[in-house]
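These notes concern the structure reproduced below.
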Amino acid sequence: MIRVVLPPHLRTLARVRDEVTLEVPGGGPPTRAAVLDALEARYPMLRGTIRDHVTAQRRPFLRFFACTQDLTHEPEDAPLPAAVAAGAEPFLVIGAIAGG
Amino acid sequence: MSGVRVLVGTRKGAFILTADGKRSRWDVSGPHFAGWEIYHLKGSPADPDRLYASQTSGWFGQVIQRSCDGGKTWETPGGGVTTAPGQMPKGESNKFVYDASPPTGKPLTTHQWYDGTQHPWEFKRVWHLEPSLTDPDTVYAGVEDAALFRSSDGGTSWQELAGMRGHGTGPKWQPGAGGMCLHTILLDPRNPKRIYVAISAAGAFRTDDGGTTWRPINRGLHSQYIPEPTAEVGHCVHRIALHPSRPNVLFMQKHWDVMRSDDGGDSWREVSGNLPTDFGFVIDVHAHEPDTVYVVPIKSDAEHYPPDGKLRVFRSRKGGNEWEPLTKGLPQRDCYVNVLRDAMCVDALEPCGVYFGTTGGQVYASADGGDSWTPIVRDLPAVLSVEVQALP
Chain B
1 MIRVVLPPHL RTLARVRDEV TLEVPGGGPP TRAAVLDALE ARYPMLRGTI
51 RDHVTAQRRP FLRFFACTQD LTHEPEDAPL PAAVAAGAEP FLVIGAIAGG
Chain L
1 MSGVRVLVGT RKGAFILTAD GKRSRWDVSG PHFAGWEIYH LKGSPADPDR
51 LYASQTSGWF GQVIQRSCDG GKTWETPGGG VTTAPGQMPK GESNKFVYDA
101 SPPTGKPLTT HQWYDGTQHP WEFKRVWHLE PSLTDPDTVY AGVEDAALFR
151 SSDGGTSWQE LAGMRGHGTG PKWQPGAGGM CLHTILLDPR NPKRIYVAIS
201 AAGAFRTDDG GTTWRPINRG LHSQYIPEPT AEVGHCVHRI ALHPSRPNVL
251 FMQKHWDVMR SDDGGDSWRE VSGNLPTDFG FVIDVHAHEP DTVYVVPIKS
301 DAEHYPPDGK LRVFRSRKGG NEWEPLTKGL PQRDCYVNVL RDAMCVDALE
351 PCGVYFGTTG GQVYASADGG DSWTPIVRDL PAVLSVEVQA LP
């Protein structure tokens, strides 16, 4: 199971209080793209809020962290850290600190 | 009528204000969608419990919300949590994709940019939601960058009325300071094939075939801020209003100038008359008197607040030209708020109620056609839109 932590506004939109846990299909180590695919399949209301509907590009003010690393600019099909794959550490979707 | 429900969109959430028919004691619920910008929310004329809301964020983009119980509960249409194996809701209620396919019109991908070059159309947000007059599941969305979308499944999916953007003048449109938004959608109650829309900064447009083909309706507009002041398009129309009993008569608040058309927009004439300034954003028509019109003059395009620090609604009972200030209950000193284009409305009770919201967070109500005003709330986030429903 992959653990995903969403920013507060997306937790409200998805109607979840805490982190979510996801089964990520596929045989190999999970990737960012596979995790987000699984997240959007489970919570369709999140489609378009993290990645653009058409281009599937990350929305500009969001970043992806895990295991104290910024994975935002890693390839979307790169394997996530082993601790994330094992469920020991969460995959974090972070909203930029901006605005008031 | 048993009461009214006022739907308020703000920079930080939505609020629902309710009162009985006297409109003197109000209950306030909210914030709904706390922390999000709510550009607009509006109820279906065919089912007052059906509401639609445009929820947006610089971080997370566009979300469409729908309520089937008058705003007590909300859902993202077609986007509920997947609970069964193989179940795969589309989650496309916030998917607004411009249609550039040849069958629906000439592919159109660019418009005029600030530097004179052509720029790709990019979806940013929904400014205005206009539910059908007859079908609660049909709703129109005016979006930035300017285009018109329609949903016929209760907001679950959206299709562009591509003839609007692709009728020919689109490459000449350019964004105003607030963005290139389609902000006004008027459905003709007597002719279901006729729709009026307005775009900043392109102008007003009309379809007479239900949205397939469109044409500009800007003859008579005069705008000093464009190279050719009487051009076919390029005018910064801020808002248009009509009275349901006389839908061929339109009133327009333009960037500067208050205008009137008596022929469905084919031609316009100025009716600013004795207004202290003819700049402003809102305009609306009394629910029972088709020639009674309301505006809130704003000092100028450089100073977006009322002249002299006095918040005044101006009313014409003669369809324009002759205006009287309405000040009772409104601040008459040190007031420097703005009233944005979607932030005024009228109810159909007797006497007619008039409402408007300010960027200072006040929502004012008049239960006597504008003669006197009372703040329903004073300290909301900046108000973006105000709509009212008369409840059975």
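Chains as they are written, first to last, in the working numbering: chain B, 1 to 100; chain L, 1 to 392. Beta carbons are placed, not taken as given, at the ideal position from N, Cα and C, and that holds for glycine.
The CB of L/Val97 comes closer than 8 Å to the CB of His53, Val54 in chain B, given here in chain order. Counting along the chain, the unbroken beta strand (DSSP E) around L/Ala390 starts and ends at 383 to 391. Between the alpha carbons of L/Gly273 and L/Ser29 lies a gap of roughly 40 Å. In this structure, L/His238 sits near L/Phe281, with a CB-CB distance shorter than 9 Å.
No alpha helix (DSSP H) of 4 residues or more sits fully in the stretch 16 to 70 of chain L. In summary, B/Asp18 is exposed, with fewer than 16 beta-carbon neighbours lying within 10 Å of its beta-carbon over all protein chains present.
Assigned with DSSP and collapsed to three states, L/Pro244 falls in coil, not helix or strand. Contacts with chain B at 9 Å (Cβ-Cβ) do not include L/Lys193. The beta carbon of L/Trp214 sits closer than 6 Å to those of Gly163, Met164, His167, Phe205, Thr207, all from its chain and outside the five residues before and after it, given in chain order.
In chain order, Ile2, Pro29, Pro30, Pro79 place their CB closer than 8 Å to the CB of B/Ala85, counting only its own chain and leaving out the 5 sequence neighbours on each side.
Of all C-beta pairs linking the stretch 5 to 13 of chain B to the stretch 55 to 62 of chain L, three or more are shorter than 8 Å, placing the two stretches in contact. Taking a 10 Å sphere around the C-beta of B/Glu40, we find 16 or more other C-beta atoms and assign the residue as buried.
Here L/Trp36 is buried. Its C-beta has 16 or more other C-beta atoms within 10 Å.
Taking C-beta separations shorter than 8 Å and ignoring five residues to either side along the sequence, the partners of L/Glu322 in its chain run Gly273, Asn274, Ser316, following chain order. Under the 9 Å criterion on CB atoms, L/Ser151 is classed as non-interfacial with respect to chain B.
By the criterion of at least three beta-carbon pairs nearer than 8 Å, the stretch 2 to 19 of chain L is not in contact with the stretch 67 to 79 of chain B. Contact annotation: the stretch 65 to 77 of chain L does not touch the stretch 366 to 381 of chain L, with fewer than three C-beta pairs closer than 8 Å. Shortest Cα-Cα distance from L/Gly142 to any of L/Lys124, L/Pro136, L/Thr156, L/Leu133 involves L/Lys124.
In its chain, beyond the 5 residues on either side, Val93, Ile94, Gly95 have a beta carbon closer than 7 Å to the beta carbon of B/Pro7. Counting only the Cα atoms, L/Arg23 lies some 7 Å from L/Val4. Interface flag for L/Ser372 against chain B is unset, since no Cβ pair is found closer than 9 Å. Judged by DSSP in its simplified three-state form, L/Ala367 adopts coil rather than helix or strand.
Close partners of B/Thr49 in chain L (Cβ separation under 9 Å): Ser57, Trp59, Phe60, Gly61, Gln62, Val63, Asn94.
Each residue's CA atom was taken as its position, placing L/Thr76 and L/Lys318 some 44 Å apart. Listed in chain order, the beta strand (DSSP E) runs fully inside the stretch 243 to 312 of chain L are 250 to 254, 258 to 261, 279 to 285, 293 to 298, counting runs of at least 3 residues. Only those residues of the stretch 65 to 79 of chain L whose C-beta falls short of 9 Å from the nearest C-beta of chain B are listed: Glu75, Thr76, Gly78, Gly79.
Close partners of L/Gly9 in chain B (Cβ separation under 9 Å) are lacking, with about 17 Å as the shortest Cβ gap.
The beta-carbon of B/His9 is placed less than 9 Å from the nearest beta-carbon of chain L. Between the alpha carbons of L/Phe279 and L/Arg50 lies a distance of about 34 Å.
In this structure, the CA atom of L/Gly220 is about 26 Å from the CA atom of L/Leu161.
The beta carbon of B/Ala83 does not come within 9 Å of any beta carbon belonging to chain L, so the residue lies off that interface. In the three-state scheme derived from DSSP, where H, G and I count as helix and E and B as strand, B/Ala96 is classed as coil. Under the Cβ criterion of 9 Å, L/Ala34 is counted among the residues facing chain B.
Per the DSSP secondary-structure output, L/Phe205 pairs in a beta bridge with L/Val197, L/Pro216. The straight-line gap separating the alpha-carbon atoms of L/Ile217 and L/Val249 is approximately 13 Å. Inter-residue distance for L/Asp284 and L/Gly353 is about 12 Å (C-alpha atoms, whole angstroms).
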